[in-house]
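Notes follow the structure.
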Amino acid sequence: VTGAHAETRTELARICRRLYERDMVTSTGGNVSARADGGEILISPTGRSLADLAPDEFVSVGPGGRLEGGRPSKELAFHRAVYERQPGAGAVVHGHCAVAIAVAGGLTPDDRDAFPAYTAGYVMRVGRLPVLPYFPSGSPALAEAVGRAIGPDGRAVLLQNHGFVTAGPSLDAAFNTAEELIDALKVFVFSGGRAPALPGDARDALARGQRHIGQEAGS
Ligand SMILES: [Zn+2]
2 VTGAHAETRT
12 ELARICRRLY
22 ERDMVTSTGG
32 NVSARADGGE
42 ILISPTGRSL
52 ADLAPDEFVS
62 VGPGGRLEGG
72 RPSKELAFHR
82 AVYERQPGAG
92 AVVHGHCAVA
102 IAVAGGLTPD
112 DRDAFPAYTA
122 GYVMRVGRLP
132 VLPYFPSGSP
142 ALAEAVGRAI
152 GPDGRAVLLQ
162 NHGFVTAGPS
172 LDAAFNTAEE
182 LIDALKVFVF
192 SGGRAPALPG
202 DARDALARGQ
212 RHIGQEAGS
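Position one of the sequence shown corresponds to residue 2 (this note's numbering), numbered consecutively onward.
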């Protein structure tokens, strides 16, 4: 691949393929974006499976919203909402998968945190998990709710009847958070919700250590 943002485009295609191979997206659902130089965002196109996107298929969105290279995912609005809330976010991953929908539906929506932490990896890479009620795909209400729930420091949000969103300083960080999140949702399902959460003091100690290491520790 040559031309503008070749490296970011190649990384985007690689992460999209991994999401598909790990069953974190289905059919043409899900979308991935990354910040590029010059205030641009590169995002996956609408109506395509993430399984086999080529690097040059990602759509460039300029700072003023100018589009180049095709039609972006209709969920662009919530990707932009995350970047606006988090100057340090370099990438956003969004998947539609059965385990996210199954678990989200059984949780009570909560803007801050609605899920137990089972492992140290979860505390480090996910931290807290807001759960949002259903909003239509691509709606301004969904973008507003995702932006507010993820806030300046959130890394993941679960969407009822829809899927999940993760953010991170890099594409790898956002992907790793997504993988950690999906694994935690599987623990919930495999244990029928009975797996014990980490003790509160252990979780606090991990979270404190995480703050000292800084945001990159999860990447
Ligand atoms: Zn979606």
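Positions of the beta carbon are idealized from the N, C-alpha and C atoms, including for glycine.
Nothing here was measured: the structure is a model prediction, and the numbers come from that model.
When the Cα of Arg62 is compared with those of Arg204, Ile44, Ser171 and Gly89, which residue comes out closest?
Residue identity check: residue 62 is Val in the sequence provided, not Arg. When only C-alpha atoms are compared, the closest one is Ile44.
Return yes when the Cβ of Ala7 is within less than 9 Å of the Cβ of Pro56, no when it is not.
Closer than 9 Å, so yes.
Going by the CB atoms, is the gap between Gly89 and Phe165 shorter than 9 Å?
Against a cut-off of 9 Å, the Cβ pair of Gly89 and Phe165 comes out as no contact.
Report yes or no: do the segment 125-137 and the segment 187-201 share at least 3 C-beta pairs separated by less than 8 Å?
With fewer than three CB-CB distances shorter than 8 Å, the segment 125-137 does not count as touching the segment 187-201.
Just list the residues that DSSP pairs Asn32 with in beta bridges.
When DSSP reads this structure, Asn32 sits in a beta bridge with His95.
Would you give the residue range spanned by the alpha helix (DSSP H) that Gly122 belongs to?
Looking at the DSSP string, the run of the alpha helix (DSSP H) that includes Gly122 is Ala121 to Arg126.
Arg72 versus Pro153: straight-line alpha-carbon distance, rounded
Straight-line Cα distance between these residues: approximately 28 Å.
If we call anything under 9 Å between Cβ atoms a contact, is Val147 one with Ala82?
Using a Cβ distance threshold of 9 Å, Val147 and Ala82 count as a contacting pair.
Using 8 Å as the threshold, is the segment 177-186 in touch with the segment 132-148, meaning 3 or more CB pairs across them?
These segments do not touch.
Quick check on this structure: which residue in Pro117, Gly106, Asn32 and Ser28 has the alpha carbon closest to the alpha carbon of Leu172?
Of the listed residues, the one whose Cα sits closest to Leu172 is Asn32.
Is His1 near ligand 1, in the sense that its beta carbon is under 8 Å from a heavy atom of that ligand?
In the structure displayed, the chain extends from 2 to 220; residue 1 sits before or after that span and is not available.
Which term fits Ser34, buried or exposed, when burial requires 16 or more other beta carbons within 10 angstroms of its beta carbon?
With 16 or more other Cβ atoms within 10 Å, it is buried.
Within a Cβ cutoff of 8 Å, which residues of the same chain sit near Leu208, ignoring the five residues on either side of it in sequence?
In the sequence on display, residue 208 carries Ala and not Leu. Cβ neighbours of Ala208 beyond the five flanking positions: Val124 and Gly128.
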